[in-house]
Amino acid sequence: MADQRTPIFLDTAYLNALINTRDQWHERAVRWEQKLAAERRKLLTTEFILVEIGDSLAAVKYRLEAASAISRLTSSSFVEVIPATSQLFNAGFDLFRQRQDKAWGLTDCTSFIVMQEHQLLEALTTDDDFVQAGFRALMLEEIS
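The opening position of the sequence shown corresponds to residue 652 in this note's numbering, with each subsequent residue numbered one higher.
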């Protein structure tokens with residue numbers, strides 16, 4: 652893992668797996684949560700990711716927990732949430748249009764822009780699109 656002072660990007664897949672106990676990645680997400688808490692690691696995410704989390708966990712059985720998790724993220728001193736600005740949207744949309752050879756989603760493209768701008772190499776995700784874009788998808792790796 653990179654320098655412990657460097658934040659890790661928090662992707663939708665991590666929080667979905669953490670909240671949904673039936674998710675195939677749930678146990679690994681729980682182990683990552685414990686590791687990050689023990690190391691007091693800082694996380695970085697975007698409002699685009701928070702919207703995606705709310706959308707993907709909108710079902711009644713997950714909704715309250717999703718809302719609670721989003722509230723905790725936005726108020727935590729260990730999490731920096733990058734605003735969903737028009738500038739970030741446009742930069743992500745430019746990447747989305749440029750990479751016609753990839754099946755990257757628009758939200759992922761905005762995430763890649765943020766990770767590049769903040770010089771982050773690691774993401775809490777199971778999404779191999781992050782690997783294709785040159786980043787480490789930590790949840791795809793065994794926890795040390």
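Yeah, the Cβ is synthetic: ideal placement off N, Cα and C, and Gly gets one too.
- Annotation: residue 759 to residue 725 spans about 20 Å, alpha carbon to alpha carbon.
- Annotation for residue 666: the continuous alpha helix (DSSP H) segment containing it runs 663-670.
- Between the segment 774-787 and the segment 662-675, the count of Cβ pairs shorter than 8 Å is three or higher; the stretches touch.
- In the structure shown, the three-state DSSP call for residue 735 is coil.
- The residues 743, 744 and 747, in chain order, have a CB closer than 7 Å to that of residue 757 in the same chain once the five nearest residues on each side in sequence are set aside.
- Taking the Cβ atoms as the reference, residue 668 lies roughly 19 Å from residue 699, outside the contact range of under 8 Å.
- The beta carbons of residue 763 and residue 784 sit about 5 Å from each other, so the pair counts as a contact at 8 Å.
- According to DSSP, residue pairing for residue 787 in a beta bridge involves 773.
- According to the DSSP assignment, residue 697 belongs to the beta strand (DSSP E) that extends over 694-697.
- CA-CA distance, residue 713 to residue 678, rounds to 17 Å.
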